[in-house]
Each structure stands twice: as C-alpha cells, then as structure tokens.
Amino acid sequence: MTARHLLDIESLGRDGLDHLLTLTDRFVEVSQRRVPKVPVLQGKTVVSLFYEDSTRTRLSFETAARRLSADVMTFSVSTSSANKGESIRDTVETIEAMGIDAIVVRHKAAGVPWQIAGWTGASVVNGGDGWHQHPTQALLDCYTIRQRLGGLEGRAIAIVGDAKHSRVARSNVDAFTALGADVTLVAPPTLLPASLDAWPVKVEHDLDAVLQRVDVVYLLRMQLERQEAGLVPSLREYSTFYGLTDERARTLRDDVLVMHPGPMNRGVEIGATVPDRPNTVITQQVANGVAVRMAVLFDLLAGGVL
Amino acid sequence: MSPHPSPSPPARGGVFVLDAAAIGRAVRRMAHEIVERNHGSEGVVILGLVNGGVWLAEAIGAALRDLGEDVPVGKIDVTFHRDDIGLRAVRPARSEVPVEIDDKTVVLVDDVLFTGRTVRAALDALREFGRPQAVQLAVMVDRGHRELPIRPDFVGKNLPTARDEDVTATIDGVVISK
Chain A
1 MTARHLLDIE SLGRDGLDHL LTLTDRFVEV SQRRVPKVPV LQGKTVVSLF YEDSTRTRLS
61 FETAARRLSA DVMTFSVSTS SANKGESIRD TVETIEAMGI DAIVVRHKAA GVPWQIAGWT
121 GASVVNGGDG WHQHPTQALL DCYTIRQRLG GLEGRAIAIV GDAKHSRVAR SNVDAFTALG
181 ADVTLVAPPT LLPASLDAWP VKVEHDLDAV LQRVDVVYLL RMQLERQEAG LVPSLREYST
241 FYGLTDERAR TLRDDVLVMH PGPMNRGVEI GATVPDRPNT VITQQVANGV AVRMAVLFDL
301 LAGGVL
Chain B
307 MSPHPSPSPP ARGGVFVLDA AAIGRAVRRM AHEIVERNHG SEGVVILGLV NGGVWLAEAI
367 GAALRDLGED VPVGKIDVTF HRDDIGLRAV RPARSEVPVE IDDKTVVLVD DVLFTGRTVR
427 AALDALREFG RPQAVQLAVM VDRGHRELPI RPDFVGKNLP TARDEDVTAT IDGVVISK
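Protein sequence lines, in the order shown, are assigned to chains A and B. According to the working numbering, the first sequence is numbered sequentially starting from 1. According to the working numbering, the second sequence is numbered sequentially starting from 307.
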C-alpha cells in the first residue's frame, strides 16, 4: 500500500472535501466527550516538521494527533540540525529511520511537501508551503462556514487583503469555489497575484460596496514587511481602504460571518472590537481546526481505503 | 422480464427464523426482564450500538414506555474503538448519549451477538462518556462463536449457527443465510 498524502485542495476535489468535512463532524462530537480522546491511531507516530515558525498550526496538529492516541514527535528548526546545514532530505530520512507514519510539514518554499512525499513512505500533510497551499486551514474554514450557514453553495464570500503572498487565500479560493461559493478578492493591485487568469474569482477594490452583498468576510493577515517592501504606502492607509474597521463592521448585516486565519493585527486588517461581534467566528475556526486535523490524520492513517 | 441480470443482486435466499410478530414479543419480554433485573427502571439508560442495535434500542425503549417506565435511549458508535480499524473502510457515525451515565446502569443493545468484539469496543467507548455503575447487554440474537469473555444479559433468541452463515436481525424478523 502506498502512503496517501494531503498536499493541496485541488487534488481532493469536491467529493474529497465533502468526505473530510463529514468526518470532521464525527470528531467534533468526540471533542465534546468528557474524555475527548479515541484510540484509533494507537501505535502510530506523527511527526511535526516545521521549518517556519507557527505555534497555532503546530499545536493544533499535535493536539489532533494526541486525541487520536498517536505518538507525536516535534521537530523544530531552531533547535535542530537544520541549523547545522543538514538537507531536508537527510532530515526526512533520519526521522523516517525512527519509524513514523505521518509527517506534517511546513516550509517557506512552495513545493517542499511534494518533494518530501517523493522521499518517504510515510503520509505527508502539507501544513503550509510558501505562498502556495495550506489545505487544513481551508478545510477548517469550510467546516466553520458549513456549521454556521449550512453550506457554501451559492454563498458570496469576500477574501480581503494580501492574496498575493497568501497560501491561505490560494487554498481557500480552491476550496470555496469547489464547494460552490462565489468568491471576490478585495485588495490593492500591489497585493494581488500577477495573473489572476487561473483564479475562478472576481476582483474588486471598493471594500464598502462588496461588504453589502456578501455572506462571509474573510480577512487575511496584513504583514508589516509588505509596507517595508513598498507595496502599501502605510498600514494606516491600508486599514482605511481595506481594513474591516469597527465603523465598517457596523454596516454589515448581523448574520454576515467574519473570519480570520490568525494571528490578527487588531487595528490593521481588523478593528479592535470586531473579534467580539457575535458572528465573528475566529475562535470557532481554531476549535474546528483540531477536529479537522483529526479527520485528516484519521483518514490518511486509519481510513482503511486499501 | 429483462434478460439481463439486475445490477444489484436480489436478496439471497434466507431462512426466516423469527417473524415480525415474534420480534415484537421478544422485545416486550426483554423489556420486562430489564425492569425485573433492575427492580424498576430507575437509573437505567439504553444505548443502541450503531448501526445494527439502534432499532432494537428504540423498540425496547418504546416497550418500556408501554410498561410506564420512561428510560432515556441513545446510541453509541464504536468505529473508533474497533480492533480491526485501518483494515477496512469505515464510516464512523455520531454517538448520542442523552444523559450523564455516571453511576447509571447502561444497557448496551445490539442486533446480533457473534464474536463479542463489537461489545468489547463499546465497553471501551463508554469510558469516554463516564463511569456507569453497571453495564448490561441485550441482543436480539445470540448466535454463538464468541472470541472474547462476553455474555449477554437479555437475549431475544439463542440461535446455533455455523460460522460462515449470515444472520440479520431487523424489526421485520431474523433471517439466516449462507
């Protein structure tokens, strides 16, 4: 049996997305039990191999693996031999020699998870590669929308902010559109990808107009480095034109969901009080993240598709 | 008649061992036995094993209500606790345990008791919900061939079978087929 991987959203297709979202329901139920832990991955080992800083994604994956009773090995670059110049391939082969079943990998370069999948017999889960893909983030976002709105079919979703440098945007555009949503990107031209020909999205620059006709506002993190690179004149100006400020949030219908992948910059892309609004679902996204990652690890390691 | 074979084969010829009326009688008898064994129904919780045991749990719950005993009825999925997980495709289902089970008497309910492995998985799954004072087991059919030290407390019908036979028990009856 060759190992199965979760590398991007596109190769899941609509059926794969539906399957994982349905499976997530089961693990949400498990998470509500008094002992939120099931013995399905007893004896399996999951490695988190993070070449890029991430506290929340790594913790979420490791919590998911532990709640499935897997053993967890954490490889963090700051304390590892990667600092001493070891190649990724040598690292993977070393870890694999210890006997492992899955690798969750994050790397700043796009494509690294695919390379690793070619080197190892373990299942590889893409925990974020460069600006490219972050499939479990897209899954947990789809799950959260489905939970709140019943589904994505025909829903209007605005993804606001730095789509150019965002793996979250790429994975979410793929997932949202595969599930039938209508996606609009809202950003200054400097923060949009050079070509949008392959993107099944509309593009707008007037946030106020878009906010009046959407069901979900998905805010992307605005990074300080983008200003330093001259892509926006200032963070204050970005906030004025593209931030969901407190004043703008008051113009939203009450039932419009506001989402953010975290970590937030309050006062830049999101107003200081917007996270406290009833239909801002940022903490639900985090909670669902654990269940989604349980579903992914379960499906890859114990789904039993032989 | 079409000359082509139908894409889904017709139900294999099986032998009816119990009919719907006999099932109804067995359910009512088991309900009486549960009340008798527990000196009433105080603290009793009925949990059907997904999928096969759910109809029987509901039927026993209804029979208990007919006796004036209102007992909470739920269901428990044991997919995550099976010892053959990963060996075959699975479709886990939602568990619904309607009340706290600490210090209660849980009656696990399944359609057919065979190797005992499903019941073993259910005993493990229960621990994630609490610590019952006692666990009892009710099955419509005990067909033998146990592989674990597990025995039922309430049985609709004891049915000696060959290992390679199939036994299905539904509200409509019990059928043995090869």
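Note that CB positions come from ideal geometry on N, CA and C, so glycine has one too.
Contact check between the segment 326–342 of chain B and the segment 426–440 of chain B: fewer than three CB pairs, one atom from each, fall below 8 Å, which does not count as touching. Where Val321 of chain B is concerned, the enclosing beta strand (DSSP E) starts and stops at Val321 to Asp325.
Under the three-state reduction of DSSP, Ser239 of chain A is assigned to helix. With a cutoff of 9 Å on beta-carbon distance, Glu434 of chain B and Pro189 of chain A are scored as not near each other. Residue range Ala440 to Asp448 is occupied by the beta strand (DSSP E) that includes Gln442 of chain B. Contact check for Leu300 of chain A and Arg26 of chain A: beta-carbon distance about 15 Å, past the 8 Å limit, so the pair fails to qualify.
Counting C-beta pairs closer than 8 Å gives fewer than three between the segment 247–264 of chain A and the segment 19–34 of chain A, which falls short of the contact rule. Annotation: the continuous alpha helix (DSSP H) that includes Tyr143 of chain A extends over Pro135 to Leu149. Following the DSSP letters along the chain, one finds Ser60 of chain A in no beta strand (DSSP E) but inside the alpha helix (DSSP H) bounded by residues Arg56 to Arg67. Apart from the 5 residues on each side of it in sequence, Val403 of chain B sits with its Cβ closer than 6 Å to the Cβ of Gly380 and Phe435 in its chain, given in chain order.
Ranked by how close their Cα comes to the Cα of Ser69 of chain A, the residues A:Gly85, A:Val30 and A:Glu93 have A:Val30 in first place. For Met222 of chain A, the number of other beta carbons within 10 angstroms of its own is at least 16, and it is reported as buried. A distance below 6 Å between beta-carbons, with the five flanking residues on each side excluded, links Asp101 of chain A to the following residues of its chain, in chain order: Lys44, Thr45, Ala122 and Leu301. Under the Cβ distance rule, Arg146 of chain A does not count among the residues neighbouring chain B, no pair being separated by less than 9 Å. With fewer than 16 other CB atoms across the displayed protein chains lying within 10 angstroms of its CB, Gln212 of chain A is exposed. Each residue's CA atom was taken as its position, placing Arg34 of chain A and Thr63 of chain A some 16 Å apart.
Listed by position along chain A, the residues whose Cβ is nearer than 7 Å to that of Gly422 of chain B form an empty set, because the closest Cβ is around 18 Å away.
Nearest in C-alpha terms to Gly154 of chain A, of all of A:Ile88, A:Thr184 and A:Ser11, is A:Thr184.
Three or more beta-carbon pairs separated by less than 8 Å are not found between the segment 369–380 of chain B and the segment 436–450 of chain B, which leaves the two stretches without contact. Counting along the chain, the unbroken beta strand (DSSP E) around Asn464 of chain B starts and ends at Phe460 to Asn464.
Using a 10 angstroms sphere on the CB of Gln285 of chain A, the tally of other CB atoms reaches 16 or more, which defines it as buried. For Val40 of chain A, the C-beta contacts it makes with chain B under 7 Å involve Phe386 and Ile391, in order along the chain.
For Gly118 of chain A, the uninterrupted alpha helix (DSSP H) run begins and ends at Val112 to Trp119, by DSSP. For Asn344 of chain B, the three-state secondary structure derived from DSSP is coil. The C-beta of Phe460 of chain B comes no closer than 9 Å to any C-beta of chain A.
In the assembly as shown, Asp472 of chain B is an exposed residue. Its beta-carbon has fewer than 16 other beta-carbons within 10 Å.
Under the three-pair Cβ rule at 8 Å, the segment 257–275 of chain A does not count as touching the segment 358–365 of chain B. The segment 156–172 of chain A makes no contact with the segment 85–96 of chain A, as fewer than three CB pairs between them are under 8 Å. Lys202 of chain A carries a strand assignment under DSSP once its states are collapsed to helix, strand and coil. Its Cα nearest to that of Gly462 of chain B, the residue B:Asp417 stands out among B:Phe322, B:Asp417, B:Ser347 and B:Val350. Going by beta carbons, Arg293 of chain A and Ser54 of chain A fall outside the 9 Å limit. Bridge partners of Phe75 of chain A according to DSSP: A:Leu49.
Excluding residues up to 5 positions away in sequence, Ile477, Asp478 and Gly479 lie with their Cβ nearer than 8 Å to the Cβ of Ala326 of chain B in the same chain.
In the displayed model, Ala178 of chain A falls within a helix according to three-state DSSP. When A:Gly99, A:Leu179 and A:Asp206 are compared, the shortest CA-CA separation from Pro200 of chain A is found for A:Leu179. Within a 10 Å sphere around the beta-carbon of Asp408 of chain B sit fewer than 16 other beta-carbons, which makes this residue exposed.
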